[in-house]
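Residue numbers (this note's numbering): 77 to 455.
We put the CB at the ideal spot given by N, CA and C, even for glycine.
Please read the structure below before turning to the comments.
This is how it looks when you write it as structure tokens:
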């Protein structure tokens with residue numbers, strides 16, 4: 077394990093809440109700034125050309141690892157990268173420590189990357205339960221900057237997520253009482269928002285899976301209370317490999333962004349993984365819901381050459397969720413003619429049928445009614 081340089085160590089200590097307590101011609105003494113911290117201290121040499129420089133740095137890293145409840149490797153990544161949150165997944169194969177079946181390791185690493193990309197997409201603003209096949213460039217770029225390593229243990233996969241991703245953050249305006257309006261950046265860096273999203277998705281998905289297992293919730297709860305998108309659920313279900321072996325997840329946030337909290341550690345059982353897989357598939361291919369009425373405007377029409385049936389897209393609110401979305405509807409010839417007239421005149425339409433969700437698309441099938449609303453109530 078290579079040692080960081082003296083300048084890197086000093087910069088990290090200042091940004092992580094340590095203060096210079098004393099110094100002489102050979103060493104500097106550092107203590108945590110927080111009054112709640114343990115009675116810790118670490119000593120650094122004032123120059124790198126001393127004989128025991130590497131040993132001194134390694135001792136300082138051990139103190140930091142103890143203080144932050146992280147592995148020394150995670151602290152080093154945080155120092156070298158310039159700020160990084162740590163995520164570790166401990167697999168439990170029935171093999172000697174440090175070994176895992178190739179199939180399990182391959183599945184877990186792929187799932188870990190998929191989880192990072194999916195959570196980064198959500199942190200970047202993607203709110204759909206089913207993400208588009210083409211991920212945002214920012215999410216893909218962020219995943220490429222993450223650092224992967226393994227640690228001794230049953231079989232531990234470690235990931236360091238950089239706090240900063242190099243993208244300019246959007247600005248938000250905030251008006252403070254009695255002061256001029258100020259322009260402020262988003263409080264948390266993008267990497268921290270990704271880490272928080274991953275933690276939230278894993279925690280809440282595990283909790284909801286437990287409720288489904290107990291019988292107090294149905295699988296539909298994953299759509300009614302969206303705790304994670306389908307890709308995140310699939311990744312969490314695949315981290316245990318094809319056999320859904322039990323695994324542990326540990327999240328540790330870097331103190332460099334001003335956050336100090338205990339690590340989050342929890343286990344996801346084989347049964348929970350199977351439910352998460354089912355939930356992911358449910359979100360991608362939900363069963364139709366009968367008797368759903370959609371009211372809105374026709375924004376697109378399409379049919380083969382000549383008169384006959386066709387497909388329209390209605391942008392409107394359904395009485396199932398009360399949320400405005402686009403819904404595709406197949407219409408017979410007479411209804412298509414009405415839809416065309418409504419589109420030309422800017423009139424609203426209403427359609428009732430079975431709502432079928434396939435990926436990101438919604439279809440209203442087996443129509444029981446379709447009509448054009450008069451423009452009397454239109455503004």
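Cβ pair residue i, residue j closer than 8 angstroms
i           : j           : result
residue 212 : residue 167 : no
residue 183 : residue 80  : no
residue 201 : residue 238 : no
residue 409 : residue 371 : no
residue 377 : residue 384 : no
residue 311 : residue 190 : yes
residue 349 : residue 289 : no
residue 188 : residue 352 : no
residue 197 : residue 264 : no
residue 437 : residue 404 : yes
Where the alpha helix (DSSP H) through residue i begins and ends
i           : result
residue 347 : 346 to 360
residue 289 : 266 to 290
residue 414 : 409 to 421
residue 397 : Careful: residue 397 lies outside any alpha helix (DSSP H) and carries neither H nor E.
residue 190 : 178 to 199
residue 313 : 306 to 314
For residue j and residue i, the rounded distance between their alpha carbons
i           : j           : result
residue 368 : residue 269 : 36 angstroms
residue 439 : residue 393 : 13 angstroms
residue 240 : residue 154 : 12 angstroms
residue 135 : residue 278 : 34 angstroms
residue 261 : residue 244 : Residue placement at residue 261 cannot be trusted, given a pLDDT of 40 that sits under 50; the coordinates are not used to answer.
residue 428 : residue 382 : 26 angstroms
residue 299 : residue 103 : 58 angstroms
residue 101 : residue 121 : 9 angstroms
residue 144 : residue 374 : 57 angstroms
residue 308 : residue 398 : 25 angstroms
residue 366 : residue 162 : 45 angstroms
residue 224 : residue 328 : 15 angstroms
residue 174 : residue 227 : 8 angstroms
residue 449 : residue 419 : 12 angstroms
residue 356 : residue 388 : 29 angstroms
residue 524 : residue 320 : Outside the displayed range of the chain (77 to 455) lies residue 524, so it cannot be described from this structure.
residue 164 : residue 84  : 24 angstroms
residue 426 : residue 158 : 55 angstroms
residue 446 : residue 407 : 9 angstroms
residue 152 : residue 137 : 8 angstroms
residue 252 : residue 284 : Low confidence applies here, because residue 252 scores a pLDDT of 37, under 50, leaving its location unreliable; read the following figure in that light. When rounded, the distance between both Cα atoms is 39 angstroms.
residue 109 : residue 99  : 16 angstroms
residue 216 : residue 236 : 15 angstroms
residue 248 : residue 139 : For residue 248, the predicted structure reports a pLDDT of 49, less than 50, and the residue's modelled location is therefore unreliable. A value from the coordinates is still provided. So the alpha carbons of these two residues sit roughly 39 angstroms apart.
residue 195 : residue 203 : 10 angstroms
residue 57  : residue 343 : The chain is shown only over 77 to 455; residue 57 falls outside these bounds and no answer can be derived.
residue 107 : residue 118 : 7 angstroms
residue 242 : residue 395 : 43 angstroms
residue 218 : residue 192 : 8 angstroms
residue 422 : residue 401 : 18 angstroms
residue 271 : residue 433 : 30 angstroms
residue 171 : residue 443 : 57 angstroms
residue 297 : residue 208 : 22 angstroms
residue 282 : residue 105 : 44 angstroms
residue 346 : residue 322 : 5 angstroms
Residue i: first and last residue of the uninterrupted beta strand (DSSP E) it sits in
i           : result
residue 388 : 386 to 394
residue 163 : 160 to 167
residue 224 : 223 to 227
residue 427 : 424 to 434
residue 298 : Taken as a continuous stretch (DSSP letters only), residue 298 belongs to no beta strand (DSSP E), being part of the alpha helix (DSSP H) at 297 to 300.
residue 231 : No beta strand (DSSP E) contains residue 231, which DSSP labels as neither H nor E.
residue 294 : First-last for residue 294: undefined, no H or E at that position.
residue 438 : 437 to 448
residue 326 : 323 to 328
Beta carbon proximity, residue i to chain D, threshold 8 angstroms
i           : result
residue 157 : The chain labelled as chain D is not found in the depicted structure, where only one protein chain is given.
Presumed contact (8 angstroms Cβ cut-off) between residue i and residue j, rounded CB distance
i           : j           : result
residue 93  : residue 331 : 6 angstroms
residue 199 : residue 273 : 5 angstroms
residue 304 : residue 324 : Wrong, their Cβ atoms sit about 18 angstroms apart, outside the cutoff.
residue 359 : residue 205 : 5 angstroms
residue 178 : residue 169 : Not a contact, Cβ separation roughly 11 angstroms.
residue 430 : residue 441 : 5 angstroms
residue 362 : residue 412 : Not quite, the Cβ-Cβ distance comes to about 27 angstroms (not below 8 angstroms), so this is no contact.
residue 82  : residue 124 : 5 angstroms
Review point. Could you give the uninterrupted runs of the alpha helix (DSSP H) lying entirely in the segment 87 to 153, keeping only those of 4 residues or more?
Key: 129 to 144
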